[in-house]
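Read through the structure below, which is laid out as structure tokens, and then see the notes.
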Amino acid sequence: MSKDPANKPPLRLVGDGENASDMPFQSHPTYVEMQQRLDEAERRAKSFEEAHIETLALLRKEKLNNLLLIHANIEREARRMLIEQSLLIAQLDEELEASRTDYTSLDVEYQKLLQTYEVDVDTARSIIEMLNEELAKADKEAIDARYELMNLPSAMSVAQLLHDDLAQFESRLSVETFIHAPDVFIVELGRISDLLLENEHADIRKFGFQLQTFSYEFAKNLPNRGY
Numbered sequence: 014m015s016k017d018p019a020n021k022p023p024l025r026l027v028g029d030g031e032n033a034s035d036m037p038f039q040s041h042p043t044y045v046e047m048q049q050r051l052d053e054a055e056r057r058a059k060s061f062e063e064a065h066i067e068t069l070a071l072l073r074k075e076k077l078n079n080l081l082l083i084h085a086n087i088e089r090e091a092r093r094m095l096i097e098q099s100l101l102i103a104q105l106d107e108e109l110e111a112s113r114t115d116y117t118s119l120d121v122e123y124q125k126l127l128q129t130y131e132v133d134v135d136t137a138r139s140i141i142e143m144l145n146e147e148l149a150k151a152d153k154e155a156i157d158a159r160y161e162l163m164n165l166p167s168a169m170s171v172a173q174l175l176h177d178d179l180a181q182f183e184s185r186l187s188v189e190t191f192i193h194a195p196d197v198f199i200v201e202l203g204r205i206s207d208l209l210l211e212n213e214h215a216d217i218r219k220f221g222f223q224l225q226t227f228s229y230e231f232a233k234n235l236p237n238r239g240y
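Heads up: the sequence shown begins at 14 in my numbering, then just goes up one per residue.
Take a look at the structure:
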């Protein structure tokens with residue numbers, strides 16, 4: 014087989030007696046185009062990971078701010094209730110000191126107010142306990158979010174792995190291999206497409222499927238290409 018492209022017979026399509034030079038040329042992804050697509054997939058994956066991290070951080074911040082605001086409002090309301098009840102009790106004490114004529118009725122009223130005060134305090138305590146439970150839930154959700162983030166597949170690592178694997182195939186995906194050893198070229202394309210189809214990112218799998226289809230069509234028509 015001559016290495017001079019000028020001595021190569023013209024390309025022919027399957028089932029067609031016309032010269033391939035008379036037919037429209039259909040280009041297929043080159044290694045550079047494949048690398049560009051992988052770089053674009055890497056960039057999108059990195060952007061997705063960064064956006065996911067920012068979203069988690071924003072959600073945790075907003076949740077913490079809301080819980081702190083709720084806690085502050087409850088504490089403020091509880092203090093107001095306690096101050097009001099304390100002032101009311103102090104006022105009753107002054108009235109008791111000023112007049113003992115109706116001590117019994119005043120004592121009854123005092124006991125009622127004291128009971129109300131205790132009920133209000135219990136209510137405030139219940140609210141604070143509920144808040145503590147919500148804070149505990151928020152802490153657990155934050156821990157779960159961190160755990161999910163730690164287990165989130167690193168798109169950069171996946172892209173780097175793809176880059177490294179493709180670098181191994183570079184010498185076997187040369188123009189010389191395409192011309193003089195198309196069967197080797199097809200095998201390497203199949204290995205690359207299998208690698209891409211195992212990826213969990215939809216865009217990369219889609220490109221792997223396209224590459225697999227091209228490899229299959231190329232292998233099917235290889236006997237008719239005149240190499």
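The beta carbon of each residue, even a glycine, is placed where N, CA and C say it ideally should be.
For residue j and residue i, the rounded distance between their alpha carbons
{"i": "residue 74", "j": "residue 102", "result": "42 Å"}
{"i": "residue 85", "j": "residue 76", "result": "14 Å"}
{"i": "residue 233", "j": "residue 200", "result": "13 Å"}
{"i": "residue 66", "j": "residue 47", "result": "28 Å"}
{"i": "residue 110", "j": "residue 99", "result": "16 Å"}
{"i": "residue 206", "j": "residue 83", "result": "54 Å"}
{"i": "residue 123", "j": "residue 91", "result": "21 Å"}
{"i": "residue 129", "j": "residue 87", "result": "18 Å"}
{"i": "residue 79", "j": "residue 71", "result": "12 Å"}
{"i": "residue 223", "j": "residue 153", "result": "43 Å"}
{"i": "residue 57", "j": "residue 209", "result": "16 Å"}
{"i": "residue 96", "j": "residue 156", "result": "38 Å"}
{"i": "residue 104", "j": "residue 93", "result": "16 Å"}
{"i": "residue 225", "j": "residue 62", "result": "28 Å"}
{"i": "residue 64", "j": "residue 221", "result": "25 Å"}
{"i": "residue 108", "j": "residue 81", "result": "40 Å"}
{"i": "residue 45", "j": "residue 193", "result": "20 Å"}
{"i": "residue 118", "j": "residue 126", "result": "12 Å"}
Residue interval of the alpha helix (DSSP H) (run including residue i)
{"i": "residue 90", "result": "44-111"}
As assigned by DSSP and simplified to three states, the class of residue i
{"i": "residue 211", "result": "coil"}
{"i": "residue 233", "result": "helix"}
Cutoff 7 Å; reference residue i; Cβ partners in own chain excluding five residues on either side
{"i": "residue 231", "result": "199"}
Contacting residues, own chain, Cβ-Cβ under 8 Å from residue i (five flanking each side not counted)
{"i": "residue 106", "result": "none"}
With contact counted as at least three CB pairs below 8 Å, one residue from each stretch, are the segment 46-56 and the segment 214-222 in contact? yes
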